[in-house]
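Here is the structure we will look at, set down as structure tokens.
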Amino acid sequence: MLSLGAGIQSSALLALSAEGILPKVDYAIFADTGWEPKAVYSHLDRLENQIAEPAGIPILRVSSGNIRADALDPDHRFASMPLYVLNKDGRPGMTRRQCTGEYKIKPIKKKVREILGYPYPQRIPKGVFVEQWIGISTDEFHRAKDADVRYMRNVHPLIDMDWSRGDCHRYLTSLGLADTPKSSCLGCPFHGNAQWRQIRDTSPDEWQDVVEFDAAIRQGNARANATGNKLLGQAFLHRSRVPLDKAPIDHVTAAEQAALQDEPADANELENGVVDGCSPWACRGEVDELAQGDFGLAS
Ligand code: SF4
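The opening position of the sequence shown corresponds to residue 696 in this note's numbering, with each subsequent residue numbered one higher.
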């Protein structure tokens with residue numbers, strides 16, 4: 696099976712498999728957080744209609760819920776997003792990132808168990824497993840890891856092929872998929888300035904959506920507040936810890952500047968080291984999270 700994040704690398708893997716350059720996967724699984732940008736859902740439909748279906752590869756869409764709605768629902772247990780926090784004493788922090796596990800990894804594991812015939816909590820016999828393709832390219836080989844469960848064995852065909860992200864992009868371009876978007880939640884706090892600007896400048900509805908969400912989580916997520924576990928400070932989507940509609944997103948960072956001079960198409964991604972959105976098994980946001988420091992100030 697292919698873990699389809701629907702970004703550059705996993706889209707390339709799907710196409711390589713569909714075209715017979717790599718063996719055919721039995722299915723691809725896309726974990727939907729319910730709050731991907733419209734462009735990602737359109738891209739996914741396109742992958743399905745133009746590439747997967749003609750090759751007989753089913754795309755299974757799985758979900759644990761809607762991350763946006765859950766964050767604002769006081770009655771719903773919420774796996775927190777990595778929000779930037781300004782504590783009462785002025786110290787910066789971040790809430791813990793639990794969302795990737797809850798909204799991406801958990802539903803994939805659930806589906807894999809179903810497919811293997813051992814739904815949770817049944818014990819899966821030793822030796823029963825799926826081979827899971829993960830879209831990690833040579834430029835980020837350090838993210839390649841073994842699965843944390845015995846019934847999934849990770850393989851990394853792009854690394855075996857010695858393909859970089861650029862190789863994937865060139866290949867997708869040859870298939871008419873040059874505009875493959877990054878897959879990550881619309882309001883993911885790991886977005887860099889270029890990505891926030893892109894939303895603001897190209898999709899007013901989605902910009903309004905993220906600005907409203909940013910204002911709504913200022914006191915932390917709704918469930919934590921409802922259960923008396925209040926955030927002792929304020930939470931923000933933008934790393935400046937300023938409301939998103941006032942945040943300095945027009946500031947071009949040094950990394951973005953360097954990337955613009957080098958390869959304009961990659962400026963968005965290189966700005967923060969967030970290369971290809973949030974992949975279930977290799978969340979690129981980790982780079983940013985580590986750079987910012989996780990102060991463990993959970994809501
Ligand atoms: S894209 Fe961001 S908010 Fe969404 S699951 Fe990944 S880390 Fe969490």
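The beta-carbon is built from N, C-alpha and C at its ideal position, and this holds for glycine as well.
Since the model is a prediction, treat every value here as computed from it, not as a measurement.
- Remark: three or more beta-carbon pairs, one from each stretch, lie closer than 8 angstroms, so the segment 938-952 and the segment 889-909 are flagged as touching.
- The Cβ atoms of Leu697 and Trp828 lie closer than 7 angstroms to each other.
- In this structure, Ile754 keeps its C-beta atom at 7 angstroms or more from the C-beta atom of Tyr798.
- Ala726 sits in a strand when the DSSP states are folded into three classes.
- Between the ligand SF4 and the CB of Ser879, the shortest heavy atom gap is smaller than 6 angstroms.
- Nearest C-alpha to Tyr815 among Tyr846, Asn782, Glu835, Pro938: Tyr846.
- Below 8 angstroms, enough C-beta pairs join the segment 805-825 and the segment 846-861 to call them touching: three or more.
- In this structure, DSSP gives Val844 a state outside helix and strand, which the three-state scheme calls coil.
- For Tyr798, the distance from the CB to the nearest heavy atom of the ligand SF4 is below 6 angstroms.
- DSSP places Glu714 in the coil class of the three-state scheme, outside both helix and strand.
- Judged by DSSP secondary structure, Glu797 falls outside any alpha helix (DSSP H); it is assigned neither H nor E.
- No Cβ-Cβ contact shorter than 7 angstroms links Leu781 with Arg934.
- Arg865 and Asp857 have their C-alpha atoms some 14 angstroms from each other.
- Distance between Ser879 and Gln793, taken at the CA atoms: about 14 angstroms.
- Per DSSP, Phe908 lies in no beta strand (DSSP E) segment; the continuous alpha helix (DSSP H) that holds it begins and ends at 899-911.
- Residue Leu872 holds the alpha-carbon nearest to the alpha-carbon of Ala734 among Leu926, Leu872, Pro938.
- If you check the CB distance, Ala726 and Pro802 come in under 7 angstroms.
- Here Ala713 is actually not in contact with His738; their C-beta atoms are around 15 angstroms apart, not less than 8 angstroms.
- Within its own chain, the residues whose Cβ lies closer than 7 angstroms to the Cβ of Arg913, once the five positions on either side in sequence are excluded, are Gln929, Ala930, listed in chain order.
- The beta carbon of Ile944 sits closer than 8 angstroms to the beta carbons of Asn888, Trp891, Arg892, Arg895, His933 from its chain, once the five residues preceding and following it are set aside; these are given in chain order.
- Taking 6 angstroms as the cut-off, one finds at least one heavy atom of the ligand SF4 near enough to the beta carbon of Cys973.
- One thing to note: Ser706 has its Cβ no nearer than 7 angstroms to the Cβ of Thr833.
- Remark: C-beta atoms of Gln704 and Cys863 approach each other more closely than 7 angstroms.
- Taking the CA atoms as reference points, Gly788 sits about 6 angstroms from Tyr779.
- Shortest Cα-Cα distance from Ala942 to any of Gln952, Ala921, Val906 involves Val906.
- With a cutoff of 7 angstroms on beta-carbon distance, Pro732 and Leu867 are scored as not near each other.
- Apart from the 5 residues on each side of it in sequence, His851 sits with its Cβ closer than 6 angstroms to the Cβ of Ile829, Ile831, Ala839 in its chain, given in chain order.
- A straight line joining the alpha-carbon of Ser974 with that of Glu901 spans about 21 angstroms.
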